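Before any comments, here is the structure.
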Amino acid sequence: MRDFEEYIAFKALVEEHILDFLPEVDPKSSSLYEAMRYSLKSGGKRVRPVLLLAACEFAGGEAREALPYACAVEYIHTYSLIHDDLPGMDDDELRRGLPTNHKVYGEGMAVLAGDGLLTAAFETMNKDMLIYFDDPVKLKRRIRASHEISKGAGCRGMVAGQAADIEAVGRSIAGGLLDYIHLNKTAAPVVAAVKAGAFIGGAPKELLAAIETYAENLGLAFQIADDILDVTGDENELGKRTGADRARGKPTYPELYGIEASRERLDELTQTALGTLAPFYDNAEFFVKMAKYLLNRTK
Ligand code: FPP
Ligand code: MG
């Protein structure tokens, strides 16, 4: 990522504003706010909001207009990680090199910090929509963006994937179900982020369709890379325990197909993602670099 200037610039914008859209809380709720802030400020690659901002520019908009939606997407991502780490789910003690939220604030508060973040995402987007109340074109783009984000995050997207993931633990499952889990748990929020950005930027139909296919392939590739790194990665570099998937009996690509075949699939998905952007290559430099970066992470 060090030589990926555009990524660094978008990420800096996200870091600068990540707390700006959180609703003001009553001082009596300060521990709730602290728990929400702890996870929001504890690093992370900010992949989803960066993709959202980049998609907005790709579509001809200005990244800054899409910031509330980018931060909303990161609020949702952060909530999902807090809940995913809970004892009733993946039961993890370490995330991004730091103790997980419930290890610091207790399980009850971690559940609520997640709830607070998820709700804040929709408050943030609604507040932004109100600003555009008298501009039907821009308002419609924002409603579309928020609708896309709700679908990707909810029970037709990430939550559905997470539920299927829980049910699959310890069972041997078919490749089709594994793809279903990955497409929902990981790819759906990535697709939603990219489409939301493209909507806000005012993307024409052809561009929207191309970037959606790109994001679906990239999202799936992202999860396969994550699964490969769980087997081959370095704990210090990743900031979390490796080998966790296997220890938990998780269905993963490497488990089902082996490392080599997983790498091949990752390569194939990257090529497909790049192919869909071919008609837009002149402007798609960011997305081309992004796909290649992901592929190289596992090497
Ligand atoms: C790591 O993201 C996350 C994934 C690879 C996706 C796994 C999906 C979940 C944990 C969904 C959980 C959903 C619910 C509803 C609890 P990342 O590598 O971008 O992490 P970073 O933000 O630390 O960089
Ligand atoms: Mg999980």
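At position 253 of the sequence shown (counting the first as 1) the number is 266 in the numbering used here, and the numbers step up by one without a gap. Glycine included, each C-beta is placed from N, C-alpha and C at the ideal position. All values derive from a computational prediction rather than experimental measurement.
Mapping DSSP to helix, strand and coil, what is Leu111?
Here the question's residue 111 lines up with position 98 in the sequence shown. Note: Leu111 maps to strand in three-state DSSP.
So, with DSSP's three-state summary, where would you put Pro62?
As a first step, residue 62 must be located in the sequence shown, where it is residue number 49. Here Pro62 sits in helix by DSSP.
Would you call the CB atoms of Leu152 and Pro264 closer than 7 Å?
Working through the sequence shown from its first residue, we reach residue 152 at position 139. Working through the sequence shown from its first residue, we reach residue 264 at position 251. Result no, Cβ atoms of Leu152 and Pro264 do not sit closer than 7 Å.
Close beta carbons around Ala205, own chain, < 6 Å, minus the five adjacent residues each side
As a position in the sequence shown, residue 205 is number 192, starting the count at 1. So the list reads Glu161, Ile162 and Gly165, once near-sequence residues are dropped.
Own chain, CB closer than 6 Å to Arg157, minus 5 neighbours either side, in chain order:
Translated into the one-based positions of the sequence shown, residue 157 becomes position 144. For Arg157, where only same-chain residues beyond five positions count, the Cβ hits under 6 Å are Phe212.
Which parts of the segment 151-224 are runs of the alpha helix (DSSP H), unbroken and 4 residues or longer, counting only runs that do not cross its ends?
171-181, 188-195 and 201-213
Identify whether Arg254 lies in helix, strand or coil by the three-state DSSP scheme.
Here residue 254 refers to the residue found at position 241 of the sequence shown. Three-state result, Arg254: coil.
Nearest to Ala373 by alpha carbon, out of Val301, Thr245 and Tyr46?
No statement about residue 373 is possible, as the shown extent of the chain runs from 14 to 312 and does not include it.
Following a CB-centred definition, is Met171 positioned closer than 6 Å to any heavy atom of the ligand FPP?
Residue 171 sits at position 158 when you count from the first residue of the sequence shown. Yes, the ligand FPP has a heavy atom inside 6 Å of this Cβ.
Excluding the 5 residues flanking Thr226 on each side, which residues of the same chain have their C-beta closer than 7 Å to its C-beta?
Locating residue 226 in the sequence shown gives position 213, counting from the first residue. These residues qualify, in order along the chain: Thr289.
Within a Cβ cutoff of 8 Å, which residues of the same chain sit near Val86, ignoring the five residues on either side of it in sequence?
In the sequence shown, residue 86 corresponds to position 73, counting from 1. If we look at Val86 and ignore the five residues flanking it on each side, its Cβ neighbours are Arg61, Pro62, Leu65, Ala134, Ile162, Pro202, Ala205, Ala206 and Ala209.
Identify the continuous alpha helix (DSSP H) that holds Met102 and give its terminal residues.
As a position in the sequence shown, residue 102 is number 89, starting the count at 1. First-last for Met102: undefined, no H or E at that position.
Applying the 10 Å Cβ sphere with the 16-neighbour rule, what's the burial state of Gly74?
As a first step, residue 74 is located in the sequence shown; it is residue number 61 there, counting from the start. Looking at its Cβ environment, which holds 16 or more other Cβ atoms inside 10 Å, Gly74 is buried.
4-residue-minimum alpha helix (DSSP H) runs that sit fully inside the segment 219-299, ordered along the chain
248-251, 257-260, 266-270 and 272-289
For the 8 Å Cβ check, are there 3 or more pairs between the segment 241-260 and the segment 285-302?
no
Can you tell me the Cα-Cα spacing of Leu231 and Ala286, whole angstroms?
Here residue 231 is taken as the residue at index 218 of the sequence shown, counted from 1. Here residue 286 is taken as the residue at index 273 of the sequence shown, counted from 1. Their backbone Cα atoms lie some 6 Å apart in a straight line.
Report the rounded CA-to-CA distance for Gly188 versus Leu269, giving the unit in angstroms.
Translated into the one-based positions of the sequence shown, residue 188 becomes position 175. Translated into the one-based positions of the sequence shown, residue 269 becomes position 256. Whole-angstrom Cα-Cα distance: 8 Å.
Asp148 by DSSP, collapsed to three states: which one?
Against the sequence shown, residue 148 aligns to sequence position 135. Reduced to three states, the DSSP call for Asp148 is coil.
Can you tell which of Thr199, His115 and Ile224 has its C-alpha closest to the C-alpha of Glu298?
Translated into the one-based positions of the sequence shown, residue 298 becomes position 285. For Glu298, the nearest C-alpha among the options comes from Ile224.
Whole angstroms are fine: how far does the CA of Ala67 sit from the CA of Gly262?
Residue 262 sits at position 249 when you count from the first residue of the sequence shown. Residue 67 sits at position 54 when you count from the first residue of the sequence shown. Going from the Cα of Gly262 to the Cα of Ala67 covers about 36 Å.
Please state whether the Cβ-Cβ distance between Gly127 and Ile95 is less than 7 Å.
As a position in the sequence shown, residue 127 is number 114, starting the count at 1. As a position in the sequence shown, residue 95 is number 82, starting the count at 1. Closer than 7 Å, so yes.
For Asp105, does the count of other Cβ atoms within 10 angstroms reach 16, so buried, or fall short, so exposed?
Residue 105 sits at position 92 when you count from the first residue of the sequence shown. Classification of Asp105: buried, given that the 10 Å Cβ count is 16 or more.
How many angstroms separate the CA atom of Leu125 from the CA atom of Ser44?
For the purposes of this step, residue 125 is taken as residue 112 along the sequence shown, with counting starting at 1. For the purposes of this step, residue 44 is taken as residue 31 along the sequence shown, with counting starting at 1. Using only the alpha carbons, I get a separation of about 11 Å.
C-alpha gap between Asn296 and Leu220, whole angstroms
As a first step, residue 296 is located in the sequence shown; it is residue number 283 there, counting from the start. As a first step, residue 220 is located in the sequence shown; it is residue number 207 there, counting from the start. Their Cα atoms are separated by approximately 11 Å.
So which of Ser55, Gly110 and Ala177 has the shortest CA-CA distance to Tyr88?
On the sequence shown, residue 88 is found 75 positions in, with the first residue counted as 1. Taking only the C-alpha atoms, the option nearest Tyr88 is Ser55.
Measure from the alpha carbon of Ala25 to the alpha carbon of each residue in His90, Asn197, Cys84 and Glu37, then state which is nearest.
The sequence position of residue 25 within the sequence shown is 12, counting from 1. Checked all of His90, Asn197, Cys84 and Glu37; the closest Cα to Ala25 is Cys84.
Where the alpha helix (DSSP H) containing Phe17 begins and where it ends
Here residue 17 refers to the residue found at position 4 when the sequence shown is read from its first residue. Here Phe17 belongs to no alpha helix (DSSP H), and DSSP marks it neither H nor E.
Any heavy atom of the ligand FPP within a distance shorter than 6 Å of the CB on Gln284?
Numbered from its first residue, the sequence shown carries residue 284 at position 271. Outside the cutoff, so no.
Look at the Cβ atom of Thr91, then the Cβ atom of Leu53, and state whether they are nearer than 7 Å.
Counted from its first residue, the sequence shown places residue 91 at position 78. Counted from its first residue, the sequence shown places residue 53 at position 40. Their beta carbons are under 7 Å apart, which means Thr91 touches Leu53 by this criterion.
Euclidean distance between Cα positions of Leu305 and Glu18
One-based indexing of the sequence shown puts residue 305 at position 292. One-based indexing of the sequence shown puts residue 18 at position 5. The question names Leu, yet the displayed sequence has Lys at residue 305. Taking the straight line joining both Cα atoms gives about 14 Å.
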